[in-house]
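Participant: All letters in the sequence shown, in the order written, are residues 1477 to 1840 by this note's numbering. Here it is, the structure in full.
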Amino acid sequence: YLAAEMKKHVNKPVACVGSLQDPAQIEEILATGQADLVEIARGLVADPYMPNKALKGEADDITPCLRCYECFGGIRPLEMIKCTVNPVQGQQLQDLEGTKPADRVKKILVAGGGPAGMEAAITAAKRGHDVTIVEKTEKLGGNLYPAGSAYFKKDIADLCEVLKRRVAKAGVKVIYNTEANPKFVREFAPDALFVAIGANELKPPIQGIDGPNVIMAIDAELHPEKLGERVVIMGGGLVGTEAAVSFASEGHKVSIIEMRDDVALDVNPYYRGGLMPHVWESADIYVNTTVRAVTEEGVMAENADGIFIIPADTVVCALGFRAPYAAVDALCAEVDESYIIGDCNNVGQIYHAINAGYYAAREI
């Protein structure tokens, strides 16, 4: 709308910029004369082939930019530009030949259908391998679902759908509602195994944490209807802060408890700069504060001023994740060749999951 207004006052071509990655939206802007041309920056980092895909009618295969600013984190001296959804970004010279066919076709099992597992399956199948994903739930996506549930995280939900379409297009077989335990792996007898079973939410031994008013963060994000009017979030990391913004937008009164000096400390600084004003507007924030117990009234917390109660109808546990190393080792013990990728190897962001899946599948 700024470009359209500018065109009323100048006699020069006017360009429009701002997270433009939907070909239909771009076409409408140009066709209706709102702008004379459009500029795309991060969208072409995420998918350099976006214009070609749009021209060929393949818009549903465009990799969406998540606007996560991972690429901005790579513009410091001596750092290459990286991308959460484009693992080749920054490695183009090493990827000139593209995805090369495998020297020997293998029967591959991918345990887990989250972003790491899907990316590994897609890449391995493109190389000619016979690939099967075994997924314990009824759908692929893993934690992309809770991550993309907030009103301002639609791009992650779009990414999930793109990856699911690519899994199908690549000819990857998927077994749903089945957990990849050692017995399953043994009977499947793959030549190689990708372990991408994700991580478990942390639930520390806090008094009252198993009470009926406590809900884990993923469950809360997927089922906000379970939340009461007053919500206290234990944990002020990325999950906790984004959840606070989302819950507040739905009318809840939100508080965050964080034991460190501030919230969202581990978040990409460029993204954090945009996130924090919304967090400040959305929640009462208690930093340098620990949780002593969860009670029927809310959360008993403690800081330098003493012990106090933060009233809550619902307490959300957003205290991080832990990789299930014992389960991973048990699966790997059933095969001669295995690759551990995603959160079950090292808890991280979508960037780490997709990059790990892609490069592991490139080597198999």
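Quick reminder that beta carbons are idealized off the backbone N, C-alpha and C, glycines included.
(1) Buried or exposed: which applies to A1788, given that a residue is buried once 16 or more other Cβ atoms fall within 10 Å of its Cβ?
(2) What whole-angstrom Cβ distance do G1604 and A1646 have, given they're in contact under 8 Å?
(3) Compute the Euclidean distance between the alpha carbons of R1642 and D1537, then round it to the nearest angstrom.
(4) For C1793, write down the residues that DSSP places opposite it in a beta bridge.
(5) Less than 7 Å separating the beta-carbons of V1743 and I1732?
(6) With 16 as the cutoff for other CB atoms within 10 Å, does M1452 come out buried or exposed?
(7) Count the other CB atoms, across all protein chains shown, that sit within 10 Å of the CB of L1795; report buried if there are 16 or more and exposed otherwise.
(8) DSSP puts V1767 in a beta bridge; with which residues?
(9) Identify every residue that forms a DSSP beta bridge with G1782.
(10) Tell me, please, whether the stretch 1666–1680 touches the stretch 1745–1759 by the rule of three or more beta-carbon pairs shorter than 8 Å.
(11) For G1624, does the count of other Cβ atoms within 10 angstroms reach 16, so buried, or fall short, so exposed?
(12) According to DSSP, which residues form a beta bridge with A1668?
(13) Residues in its own chain within less than 7 Å of C1547 by CB, not counting five upstream and five downstream?
(14) Can you list, in chain order, the stretches of the alpha helix (DSSP H) that have 4 or more residues and sit fully within the stretch 1713–1759?
(15) Whole-angstrom Cβ separation of A1668 and I1584, contact assumed at under 8 Å?
(16) Can the beta-carbon of I1609 be found less than 7 Å from the beta-carbon of V1564?
(17) Alpha carbon to alpha carbon, what distance is there between N1831 and Y1621?
(18) With H, G and I counted as helix, E and B as strand and the rest as coil, what does DSSP make of E1677?
(19) Mind checking whether I1817 and A1597 have CB atoms under 7 Å apart?
(20) Does the contact criterion of 3 or more C-beta pairs under 8 Å hold for the stretch 1686–1693 versus the stretch 1629–1642?
(21) On the CB-based measure, 16 or more other CB atoms within 10 Å of its CB, does P1666 come out buried or exposed?
Facilitator: According to the structure data:
(1) Result: buried.
(2) Contact check for G1604 and A1646: beta-carbon distance about 11 Å, past the 8 Å limit, so the pair fails to qualify.
(3) One C-alpha to the other measures close to 8 Å.
(4) Paired residues: M1692, M1710.
(5) Against a cut-off of 7 Å, the Cβ pair of I1732 and V1743 comes out as no contact.
(6) Here the chain has residues from 1477 to 1840 only, and residue 1452 is not among them.
(7) Counting Cβ neighbours within 10 Å, L1795 comes out buried, since at least 16 surround it.
(8) The partner list for V1767 (beta bridge, DSSP) reads A1777.
(9) G1782 is bridged by DSSP to N1779.
(10) Cβ pair count under 8 Å is below three, so no.
(11) Under this definition G1624 is a buried residue.
(12) Answer by DSSP bridge pairing, in chain order: I1584.
(13) Counting only Cβ-Cβ distances below 7 Å, and skipping sequence neighbours, we find R1518, V1521, I1557, K1558, C1559.
(14) Whole alpha helix (DSSP H) segments, 4+ residues: 1714–1725, 1745–1758.
(15) About 5 Å separates the Cβ atoms of A1668 and I1584, confirming a contact at the 8 Å cut-off.
(16) In this structure, V1564 does not lie closer than 7 Å to I1609 by Cβ.
(17) CA-CA distance, Y1621 to N1831, rounds to 19 Å.
(18) Strand, per DSSP.
(19) Going by C-beta atoms, I1817 is not nearer than 7 Å to A1597.
(20) The stretch 1686–1693, when compared against the stretch 1629–1642, does not touch it at the 8 Å Cβ threshold.
(21) Buried is the label assigned to P1666, since at least 16 other Cβ atoms lie within 10 Å of its Cβ.
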